[in-house]
Amino acid sequence: MLEFYAPWCPACQQIEATWESFAKESERLGITVGKVDVTQEPGLSGRFFVTTLPTIYHANDGVFRRYRGSRTLEDLQGYILERKWEAVEPVAGWKSPSSIMMHGMAGLFHFSGWIRQIHNYLTGTLGVHIWVSYAIFILATLLIGLLLGLILVLISDCLCPAKSKHTAETPDEAITKENAENAALEEPEEAAELSTDDAEEAADVKDLSDGEDAANSSADESEEDLALGKESGEEEMEDLSEQPLAESETESTVRQRKSQGAEKEL
Numbered sequence: 021m022l023e024f025y026a027p028w029c030p031a032c033q034q035i036e037a038t039w040e041s042f043a044k045e046s047e048r049l050g051i052t053v054g055k056v057d058v059t060q061e062p063g064l065s066g067r068f069f070v071t072t073l074p075t076i077y078h079a080n081d082g083v084f085r086r087y088r089g090s091r092t093l094e095d096l097q098g099y100i101l102e103r104k105w106e107a108v109e110p111v112a113g114w115k116s117p118s119s120i121m122m123h124g125m126a127g128l129f130h131f132s133g134w135i136r137q138i139h140n141y142l143t144g145t146l147g148v149h150i151w152v153s154y155a156i157f158i159l160a161t162l163l164i165g166l167l168l169g170l171i172l173v174l175i176s177d178c179l180c181p182a183k184s185k186h187t188a189e190t191p192d193e194a195i196t197k198e199n200a201e202n203a204a205l206e207e208p209e210e211a212a213e214l215s216t217d218d219a220e221e222a223a224d225v226k227d228l229s230d231g232e233d234a235a236n237s238s239a240d241e242s243e244e245d246l247a248l249g250k251e252s253g254e255e256e257m258e259d260l261s262e263q264p265l266a267e268s269e270t271e272s273t274v275r276q277r278k279s280q281g282a283e284k285e286l
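Numbering (my numbering), first residue to last: 21 to 286.
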């Protein structure tokens, strides 16, 4: 049976006499009775994950059980003599003082005790202000966190190295890559040729449309010329038709005059 206590704990002081009497009966009960000062053994109290005081544990063949019964001498003796501990559920494996997790917890508790000693030395012995001591611990915590983060990154890189982006290419992969690059280079040239051909076709279409417009305009002009020529021809025909009439009228007038002259002579 093991008791965890602190000198400043009132409940621990109340059962101190009872625990001493229980320890004297240890030989008759066939057990070992001890006690641990948590202020002197922070690592051991962390291994048992002591959060309340006093805390009593029973250990038998490496199996740990927490005693939660009455703290009188009779109840403590009956817990052993009547084997009441067999009805108590053991501590879970991960919370067992012999587990790896509790070893780590013991280290944390021991580290916290060491920090407390440093703080007391800075404020008590050296006379440093309490807030200055807190600032020192904050800076130290940040530096330690950065250092641990760097160590974790290095460990992860060693265990899981990143794959290199420039891997050795096989001949087939090299040929495929070269073909892809050639195709990518040919596409702009084909696009340029297509754009040139489209421009030429557009120019040809424009020339054809201009030719058709010119032909249509020339045809219209020729039709107008023909119409004008036809009109002028008709006018000339009219003039020609009018000219013989005038000549015939002149001849008839001359003949009349001649006939009149001949009649006068007669």
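Think of the CB as a built atom: it goes at the ideal place given N, C-alpha and C, for glycine as much as any other residue.
Values in this document were obtained by computation on a predicted structure and should not be read as measured data.
query, result
"Helix, strand or coil for Gly165, going by three-state DSSP, please let me know.", "helix"
"In this structure, does DSSP put Arg86 in helix, strand or coil?", "strand"
"Does DSSP put Thr75 in a helix, in a strand, or in coil?", "strand"
"Taking C-alpha atoms, which residue in Ile156, Ile120, Met21, Glu45 lies nearest to Arg88?", "Met21"
"Residue ranges of each alpha helix (DSSP H) run of no fewer than 4 residues wholly in the region 104-154, ordered along the chain?", "120-140"
"Roughly how many angstroms lie between the CA atoms of Glu198 and Ala204, to the nearest whole one?", "10 Å"
"Buried or exposed for Ile100, going by 16 or more other Cβ atoms inside 10 Å?", "buried"
"Going straight from the alpha carbon of Ile138 to that of Met125, what length do you get?", "20 Å"
"At the level of alpha carbons, what is the spacing between Val56 and Ile164?", "31 Å"
"What does the Cβ neighbour count give for Trp39, buried or exposed, with the cut at 16 atoms within 10 Å?", "buried"
"At what residue ranges does the region 48-75 contain a whole run of the alpha helix (DSSP H), taking only runs of 4 or more?", "62-67"
"So what's Glu11 in DSSP terms, helix, strand or just coil?", "Outside the shown range of the chain (21 to 286) lies residue 11, about which nothing can therefore be said."
"One question on the structure: do Pro117 and Arg67 come within less than 8 Å of each other, judged by their Cβ atoms?", "yes"
"Which of helix, strand or coil does DSSP assign to Glu102?", "coil"
"If we ignore side chains and look at the alpha-carbon of each, how far apart do Val111 and Gly127 end up?", "20 Å"
"Return helix, strand or coil for Glu201, following the three-state DSSP convention.", "helix"
"If you run the structure through DSSP and keep just helix, strand and coil, what is Glu23?", "strand"
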